[in-house]
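Structure record follows, encoded as structure tokens.
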Amino acid sequence: MLVERARDGDPRAVARLITLVESGDETLPAIAAALAPHTGRAQVIGLTGSPGVGKSTTTNELVRALRARGHRVGVLAIDPSSPFTGGAILGDRVRMQDHATDPGVYIRSMSSRGHLGGLSAATPQAVRVLEGAGCDVVLVETVGVGQAEVEVASLADTTLVLLAPGMGDAIQAVKAGILEIADVFVVNKADRDGADATVRDIQGMIALGERGPGQWRPQVVRAIAARGEGIDDIAAAIDKHRAWLVEHDELRRRREARAAAEVEAIALGVLRARIGSLRDGTQLSALATEVASGATDPYAAAEALLAQLSG
Ligand SMILES: Nc1nc2c(ncn2[C@@H]2O[C@H](COP(=O)(O)OP(=O)(O)OP(=O)(O)O)[C@@H](O)[C@H]2O)c(=O)[nH]1
Ligand SMILES: [Mg+2]
4 MLVERARDGD
14 PRAVARLITL
24 VESGDETLPA
34 IAAALAPHTG
44 RAQVIGLTGS
54 PGVGKSTTTN
64 ELVRALRARG
74 HRVGVLAIDP
84 SSPFTGGAIL
94 GDRVRMQDHA
104 TDPGVYIRSM
114 SSRGHLGGLS
124 AATPQAVRVL
134 EGAGCDVVLV
144 ETVGVGQAEV
154 EVASLADTTL
164 VLLAPGMGDA
174 IQAVKAGILE
184 IADVFVVNKA
194 DRDGADATVR
204 DIQGMIALGE
214 RGPGQWRPQV
224 VRAIAARGEG
234 IDDIAAAIDK
244 HRAWLVEHDE
254 LRRRREARAA
264 AEVEAIALGV
274 LRARIGSLRD
284 GTQLSALATE
294 VASGATDPYA
304 AAEALLAQLS
314 G
């Protein structure tokens with residue numbers, strides 16, 4: 004019923020479904036089954052970058068541009084570290100306030116903490132909810148703190164990495180392995196000193212990267228998101244990347260890789276939960292006693308454990 008109401012465009016049903024996803028609710032398999040026929044078509048765009056670089060401001064402007072094209076848009080702002088639920092990162096809400104009353108836009112902040120498979124499992128399901136609710140495009144904002152941004156890249160069709168002048172961001176980008184995940188670099192806050200140098204640094208790094216024929220060459224776009232400048236260029240870079248994805252059958256490949264990761268994360272989560280329940284029982288402790296005393300080895304014990312789980 005919730006899924007039907009979400010499909011009818013009831014924002015409270017959408018919010019409720021995402022809360023269920025966020026909390027790893029036991030009804031998720033049923034929700035996923037109900038959503039499945041309505042998913043797989045939305046364009047997913049990831050935005051990542053250091054705290055305060057302008058992700059939410061850029062997202063807000065991109066939503067405006069996408070709305071002007073007539074798209075229904077979903078926004079997920081993921082906070083991988085904080086334990087808040089169901090609510091909002093205040094800053095995100097304020098920055099995206101422009102669209103708060105637009106029925107063609109869903110904006111949601113979510114925490115993935117506590118979810119079985121972490122960000123990698125919860126976010127794709129939240130994307131499905133938004134797709135189910137009729138969103139043509141879903142923007143996913145994640146603060147670039149290590150692993151999270153690599154995960155956001157794995158679930159997006161196109162990943163934007165935002166940088167700002169100064170702050171040694173370009174060097175940081177290489178350290179964190181961001182060069183590999185960025186389809187488009189946005190040098191935001193181009194109203195500040197050093198934007199040219201940052202653009203040059205990034206372009207230099209891109210030039211150094213090895214790329215075979217037909218491979219995507221990351222685009223570099225400058226923007227002043229706070230003034231809505233450069234947003235058309237960002238949209239054009241996204242379109243160009245999208246066309247490349249389709250032309251090289253990369254869209255299908257990325258989506259299948261994403262689905263594989265999703266299935267794996269769910270399966271591992273289930274497995275972990277089952278092993279957790281064994282830990283309290285006698286089976287695992289009996290095996291542990293044998294391993295500790297040298298009666299058996301840990302590999303054989305692990306095989307025995309897996310056999311019990313699937314048996
Ligand atoms: N000077 C300048 N400031 C900007 C620009 N874009 C955004 N800002 C400001 O930078 C601050 C942070 O912007 P946000 O959009 O919240 O940044 P964010 O990356 O979403 O931040 P977190 O979600 O906290 O990581 C705000 O005060 C914005 O007004 C810009 O192009 N130029
Ligand atoms: Mg933000």
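Those letters in the sequence shown? Residues 4 to 314, per the numbering used here, in order.
Each residue gets a CB set at the ideal place from its N, CA and C atoms; glycine is no exception.
Give a yes or no on whether the C-beta atoms belonging to residue i and residue j are separated by under 8 Å.
i, j, result
"SER112", "ALA80", "yes"
"LYS58", "LEU133", "no"
"ARG75", "GLY107", "yes"
"LEU50", "ALA238", "no"
"LEU281", "ALA304", "no"
"VAL24", "GLN128", "yes"
"VAL47", "VAL130", "yes"
"ALA3", "ASP139", "Nothing in the structure corresponds to residue 3, since the chain is present only between 4 and 314."
"THR161", "HIS244", "yes"
"TYR109", "VAL146", "no"
"ILE1", "ALA193", "For the chain, the structure presents residues 4 to 314; residue 1 sits outside this window and is missing."
"ARG195", "ILE209", "no"
"ALA229", "THR60", "yes"
Express the C-alpha separation of residue j and residue i in angstroms, rounding to a whole number.
i, j, result
"ALA39", "GLY233", "36 Å"
"GLY207", "ALA246", "25 Å"
"GLY212", "VAL190", "19 Å"
"ASP236", "ARG225", "8 Å"
"ALA159", "GLU7", "26 Å"
"ALA307", "PRO301", "10 Å"
"GLY27", "LEU20", "11 Å"
"MET4", "SER157", "31 Å"
"GLU144", "ARG70", "18 Å"
"GLY90", "ALA103", "A caution first: GLY90 carries a pLDDT of 41, below 50, which makes its placement in the model too unreliable to give a value."
"ALA18", "ALA298", "53 Å"
"LEU182", "ARG261", "20 Å"
"ALA167", "GLY231", "16 Å"
"LEU163", "THR62", "11 Å"
"VAL294", "GLN286", "13 Å"
"VAL141", "THR292", "50 Å"
"THR22", "ARG255", "29 Å"
"ALA37", "PRO54", "36 Å"
"PRO216", "HIS251", "12 Å"
"VAL199", "GLN218", "It is Asp, not Val, that sits at residue 199 in the sequence shown. The alpha-carbon atoms of ASP199 and GLN218 are separated by roughly 26 Å."
"SER296", "SER288", "12 Å"
"ALA33", "ARG203", "50 Å"
"LEU31", "ASP105", "28 Å"
"ARG258", "ARG214", "22 Å"
"ARG15", "ARG72", "25 Å"
"ASP101", "GLY279", "46 Å"
"ALA9", "ALA268", "25 Å"
"LEU274", "THR201", "45 Å"
"GLU253", "THR126", "21 Å"
"VAL56", "GLY272", "33 Å"
Is residue i near ligand 2, going by C-beta to nearest heavy atom under 7 Å?
i, result
"GLU144", "yes"
"ALA80", "yes"
Flag residue i as yes when its Cβ comes closer than 7 Å to any non-hydrogen atom of ligand 1, and as no otherwise.
i, result
"SER59", "yes"
"ARG67", "no"
"VAL56", "yes"
"ASP194", "yes"
"ILE227", "yes"
"GLY49", "no"
"GLY197", "no"
"GLY169", "no"
"GLY52", "yes"
Thinking residue i and residue j are a contact (beta carbons under 8 Å), I'd like their distance in whole angstroms, please.
i, j, result
"VAL223", "ILE205", "5 Å"
"GLY169", "GLY197", "5 Å"
"GLY137", "GLY12", "7 Å"
"ARG277", "LEU309", "At roughly 10 Å, the Cβ-Cβ gap does not stay under 8 Å, so ARG277 and LEU309 are not in contact."
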